[in-house]
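Student:
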Amino acid sequence: MPDYGGFMGPAYGVGRMSRVKKTAQKRLARLLRGRTEPHGIEITDESILKGVEVDDSGIVQLWIQPNRAHCPCCINDLMELRSEINQQKGVLACHIEVVGVPQADRWTAAINE
Numbered sequence: 000m001p002d003y004g005g006f007m008g009p010a011y012g013v014g015r016m017s018r019v020k021k022t023a024q025k026r027l028a029r030l031l032r033g034r035t036e037p038h039g040i041e042i043t044d045e046s047i048l049k050g051v052e053v054d055d056s057g058i059v060q061l062w063i064q065p066n067r068a069h070c071p072c073c074i075n076d077l078m079e080l081r082s083e084i085n086q087q088k089g090v091l092a093c094h095i096e097v098v099g100v101p102q103a104d105r106w107t108a109a110i111n112e
């Protein structure tokens with residue numbers, strides 16, 4: 000579909016962001032800004048936060064590479080982060096995918112229970 004610069008309106012999905020998505024993104028950014036992981040590195044550092052996605056319904060997905068593999072305080076911190084994100088207005092659900100560590104699937108399962 001050609002881009003008409005918003006002429007056809009949001010019903011056609013021409014570059015419009017849903018209000019829910021915008022709210023979820025703002026709250027997520029506010030929550031992550033300045034937050035440090037248990038070992039003192041900001042969670043928004045590129046070595047830790049590998050990706051962020053918020054869909055139009057308010058589902059948040061984060062891809063995170065913990066600083067230290069199999070560190071219990073890192074797992075607990077990510078569980079708390081997920082809980083805090085889920086409590087934000089506009090967020091329907093949150094899924095944290097752990098990447099770049101051995102048995103990342105087990106980390107992911109534990110965090111998202």
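Using numbering that gives the first Met the number 0, you'd call the opening residue of the sequence shown number 0 and step up by one each time. Note that the Cβ used here is the ideal one computed from N, Cα and C, for glycine as well. This one's a predicted model, so the numbers in the text were calculated from it and none came from an experiment.
Pick helix, strand or coil for residue 72, following the three-state DSSP scheme.
Tutor: In the sequence shown, the residue the question calls residue 72 occupies position 73. Helix, per DSSP.
Student: Using alpha carbons as the reference points, say which of 61, 105, 84 and 87 lies closest to residue 71.
Tutor: The sequence position of residue 71 within the sequence shown is 72, counting from 1. Of the candidates 61, 105, 84 and 87, the one whose C-alpha sits nearest the C-alpha of residue 71 is 105.
Student: Taking the alpha helix (DSSP H) that residue 24 belongs to, which residues open and close that run?
Tutor: One-based indexing of the sequence shown puts residue 24 at position 25. Where residue 24 is concerned, the enclosing alpha helix (DSSP H) stretches over 18 to 31.
Student: Please list, in chain order, all residues of the same chain as residue 22 whose beta carbon is under 7 Å from its beta carbon, the five residues on each side excluded.
Tutor: Stepping through the sequence shown from its first residue, residue 22 is reached at position 23. Correct list, in chain order: 88 and 89.
Student: Taking residue 57 as the reference, which of 93, 108, 48 and 36 has the closest Cα?
Tutor: The residue given as residue 57 occupies position 58 in the sequence shown. For the set 93, 108, 48 and 36, the Cα lying nearest the Cα of residue 57 is the one of 93.
Student: Would residue 36 pass as a contact of residue 75 if the rule is Cβ separation under 8 Å?
Tutor: Indexing the sequence shown from 1 puts residue 36 at position 37. Indexing the sequence shown from 1 puts residue 75 at position 76. Not a contact, by the Cβ cut-off of 8 Å.
Student: Please work out which residues of its chain come closer than 8 Å, Cβ to Cβ, to residue 49, disregarding the five sequence neighbours upstream and downstream, and give them in chain order.
Tutor: As a position in the sequence shown, residue 49 is number 50, starting the count at 1. Sequence-distant Cβ neighbours of residue 49 in its own chain, meaning closer than 8 Å and more than five residues away, are 62, 63, 64, 98 and 99.
Student: Could you have a look at residue 84 and say whether DSSP puts it in helix, strand or coil?
Tutor: For the purposes of this step, residue 84 is identified with residue 85 of the sequence shown, where counting begins at 1. Helix, per DSSP.
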